[in-house]
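Engineer:
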């Protein structure tokens with residue numbers, strides 16, 4: 037089966053940050069910190085999808101897509117993070133779901149795309165084990181409300197970003213810079229995924245559930261054993277730290293050892309995290325080139341600029357062959373029942389002329405990566 041789709045996330049497009057009973061999220065708080073976001077930008081208005089969703093759905097229909105992958109804003113439907121539902125927020129998603137279905141578009145919801153209710157962050161957020169259980173409760177309520185129309189569910193989008201970028205490097209919400217907190221958050225995010233998977237299936241055995249993981253292949257230009265170690269560390273940090281628990285019920289031993297920190301595993305956690313899934317959502321954008329660097333933290337490697345490689349406007353390597361190799365590897369090592377490409381694309385320095393963008397680089401990127409995906413499928 038092949039389905040064209042488009043993907044969005046709630047904080048990035050909805051706007052209406054203070055409307056409809058929505059509570060603040062960690063991204064509302066983080067984006068108000070001076071210097072945290074370029075130009076002081078925030079999602080208060082964004083694309084105004086909250087008010088313009090019908091126009092957006094019409095555009096999707098015009099594009100001919102068959103699926104709309106969106107995320108539900110936890111603080112819009114349960115502003116306190118747990119407890120009572122916000123009727124206005126639920127009504128918005130009712131209208132959105134119905135509008136998509138009326139246009140022949142299948143809605144694919146993600147339950148968490150990084151916008152944790154600030155009220156839960158005030159209680160420790162993902163550093164607090166309770167957050168995994170709050171997430172499962174929220175997930176079950178969403179399934180109870182929408183399972184008559186939504187049959188495919190994704191628990192969490194890119195726990196890598198929430199854990200490492202939000203709690204280790206501090207460049208995303210909530211802006212924490214601490215390795216142990218990052219490790220705790222990564223485990224509790226994955227635990228929340230496992231608990232939510234079970235909670236959704238308790239609503240109906242007909243519902244399908246998966247998780248979305250972003251994978252970034254790594255290579256090195258060096259020949260030394262240290263540079264080869266850098267590749268293993270990069271792969272472990274970016275990919276195996278999240279893929280192995282979900283599909284193998286364990287964290288990669290080499291990365292646990294390299295961190296030198298405790299992973300807060302309780303009895304039964306790994307069994308919950310590795311609950312069998314109906315599919316894997318896979319996000320791929322670029323390949324990284326790395327080199328050994330003993331001064332780098334938390335692991336002794338760094339990204340380097342490979343020569344003669346095409347790059348996007350964000351400086352990311354364009355390497356479609358790595359996409360083929362990644363898909364084959366994930367299928368071989370993790371054996372998911374199905375793989376859906378939930379994100380892929382590229383950013384360029386677009387120039388708007390007469391209200392339009394002529395973007396041959398983006399078209400070329402998509403064509404090459406579609407070809408790469410089909411090659412992987414043909415190879416089994």
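In my numbering, the protein residues as written are 37 to 416.
Beta carbons: idealized from backbone N, C-alpha and C, even for Gly.
Every value quoted in this text rests on a predicted model; they were computed, and no experiment measured them.
Between the alpha carbons of residue 197 and residue 184, how many angstroms are there, rounded?
Structural biologist: About 31 Å.
Engineer: Given a cut-off of 7 Å, decide if residue 39 and residue 103 are closer than it, judged by their beta-carbon atoms.
Structural biologist: It is a contact, given that the beta carbons lie within the stated cut-off.
Engineer: Indicate whether residue 171 and residue 232 have their beta-carbon atoms separated by less than 7 Å.
Structural biologist: In this structure, residue 232 lies closer than 7 Å to residue 171 by Cβ.
Engineer: Could you give the uninterrupted runs of the beta strand (DSSP E) lying entirely in the segment 100-186, keeping only those of 3 residues or more?
Structural biologist: Counting whole runs of 3 or more residues, the segment 100-186 contains the beta strand (DSSP E) stretches 103-107, 142-148.
Engineer: Find out if the Cβ-Cβ distance for the pair residue 328, residue 271 is shorter than 7 Å.
Structural biologist: No, the Cβ-Cβ distance between residue 328 and residue 271 is not below 7 Å.
Engineer: Going by DSSP, what residue range makes up the beta strand (DSSP E) through residue 342?
Structural biologist: Note, residue 342: premise wrong, no beta strand (DSSP E); not H, not E.
Engineer: Tell me residue 319's beta-bridge partners as DSSP assigns them.
Structural biologist: Answer by DSSP bridge pairing, in chain order: 250, 379.
Engineer: By the DSSP assignment, the alpha helix (DSSP H) with residue 282 in it spans what residues?
Structural biologist: Segment 277-284, the alpha helix (DSSP H) holding residue 282.
Engineer: Does the Cβ of residue 147 have 16 or more other Cβ atoms within 10 Å, making it buried, or fewer, making it exposed?
Structural biologist: With 16 or more Cβ atoms within 10 Å of its Cβ, residue 147 is classed as buried.
Engineer: How many Å lie between residue 404 and residue 123 at the Cα?
Structural biologist: Spanning the two alpha carbons is a distance of roughly 44 Å.
Engineer: So residue 217 and residue 164 are supposed to be a Cβ contact under 8 Å. How far apart are they, rounded?
Structural biologist: That belief does not hold up - the Cβ atoms of residue 217 and residue 164 are roughly 10 Å apart, past 8 Å.
Engineer: I'd like the span of the beta strand (DSSP E) that includes residue 328, first residue to last.
Structural biologist: 324-328 is the extent of the beta strand (DSSP E) around residue 328.
Engineer: Go ahead and label residue 131 buried or exposed: buried means 16 or more other beta carbons lie within 10 angstroms of its beta carbon, across all protein chains shown.
Structural biologist: Classification of residue 131: exposed, given that the 10 Å Cβ count is below 16.
Engineer: Keeping to the same chain, check which residues put their C-beta closer than 6 Å to that of residue 411; ignore five residues upstream and five downstream.
Structural biologist: Once the five neighbours on either side are set aside, the close Cβ partners of residue 411 are 360.
Engineer: Could you give the distance in angstroms between the alpha-carbon of residue 305 and the alpha-carbon of residue 225?
Structural biologist: Distance between the alpha carbons of residue 305 and residue 225 is about 11 Å.
Engineer: By Cβ distance, which residues of its chain are closer than 6 Å to residue 300, with the 5 residues on each side in sequence left out?
Structural biologist: 220, 223.
Engineer: Tell me, to the nearest whole angstrom, how far the beta carbon of residue 179 is from that of residue 239; I am working on the premise that it is less than 8 Å.
Structural biologist: Yes, they are in contact, since the Cβ atoms of residue 179 and residue 239 sit about 4 Å apart, within 8 Å.
Engineer: Could you pull the DSSP bridge partners for residue 41 from this structure?
Structural biologist: DSSP output for residue 41 lists 103 as bridge partner(s).
Engineer: Which full runs of the beta strand (DSSP E) of 3+ residues lie inside the segment 213-261, going along the chain?
Structural biologist: Complete beta strand (DSSP E) runs here, min 3: 244-250, 254-256.
Engineer: For the alpha helix (DSSP H) that contains residue 65, what are its first and last residues?
Structural biologist: Unbroken alpha helix (DSSP H) run through residue 65: 62-67.
Engineer: Distance, Cα to Cα, residue 311 vs residue 153?
Structural biologist: Their Cα atoms are separated by approximately 26 Å.
Engineer: For residue 385 versus residue 349, is the C-beta spacing smaller than 7 Å?
Structural biologist: Contact: yes.
Engineer: Inspect the CB distances between the segment 246-255 and the segment 192-212 and report whether three or more fall short of 8 Å.
Structural biologist: A contact exists between the segment 246-255 and the segment 192-212.
Engineer: Considering just the uninterrupted stretch of the beta strand (DSSP E) at residue 191, what are its terminal residues?
Structural biologist: Residue 191 -> beta strand (DSSP E) spans 188-193.
Engineer: Whose C-alpha, out of 407, 215, 244, is nearest the C-alpha of residue 186?
Structural biologist: Nearest option by C-alpha distance: 244.
Engineer: So what does DSSP say about residue 58, is it helix, strand or coil?
Structural biologist: Reduced to three states, the DSSP call for residue 58 is coil.
Engineer: Quick one: what does DSSP say residue 373 is sitting in, helix, strand or coil?
Structural biologist: Three-state result, residue 373: coil.
Engineer: Residue range of the alpha helix (DSSP H) that residue 412 falls in?
Structural biologist: Run containing residue 412: 396-414, per the alpha helix (DSSP H) assignment.
Engineer: Can you tell me where the alpha helix (DSSP H) with residue 72 in it begins and where it stops?
Structural biologist: Residue 72 -> no alpha helix (DSSP H), and no H or E assigned at all.
Engineer: Taking residue 236 as the reference, which of 354, 313, 378, 63 has the closest Cα?
Structural biologist: Among 354, 313, 378, 63, the Cα nearest to that of residue 236 is on 313.
Engineer: Compare the Cα-Cα distances from residue 368 to each of 68, 284, 87, 56 and report the closest residue.
Structural biologist: When only C-alpha atoms are compared, the closest one is 284.
Engineer: Are the beta-carbon atoms of residue 335 and residue 273 separated by less than 7 Å?
Structural biologist: Closer than 7 Å, so yes.
Engineer: Can you find the residues in the same chain that come closer than 6 Å, C-beta to C-beta, to residue 157, ignoring five residues on each side of it along the sequence?
Structural biologist: If we look at residue 157 and ignore the five residues flanking it on each side, its Cβ neighbours are 62, 210.
Engineer: Report back the beta-carbon spacing between residue 356 and residue 408 to the nearest angstrom; my notes put them in contact at under 8 Å.
Structural biologist: Yes, residue 356 and residue 408 are in contact; Cβ-Cβ is about 4 Å, under 8 Å.
Engineer: Does DSSP classify residue 333 as helix, strand or coil?
Structural biologist: Of the three classes helix, strand and coil, the one that applies to residue 333 here is coil, per DSSP.
Engineer: Since residue 6 contacts residue 48 with CB under 8 Å, what's their CB separation in whole angstroms?
Structural biologist: This structure does not reach residue 6, given that the chain is present from 37 up to 416, and the question cannot be answered.
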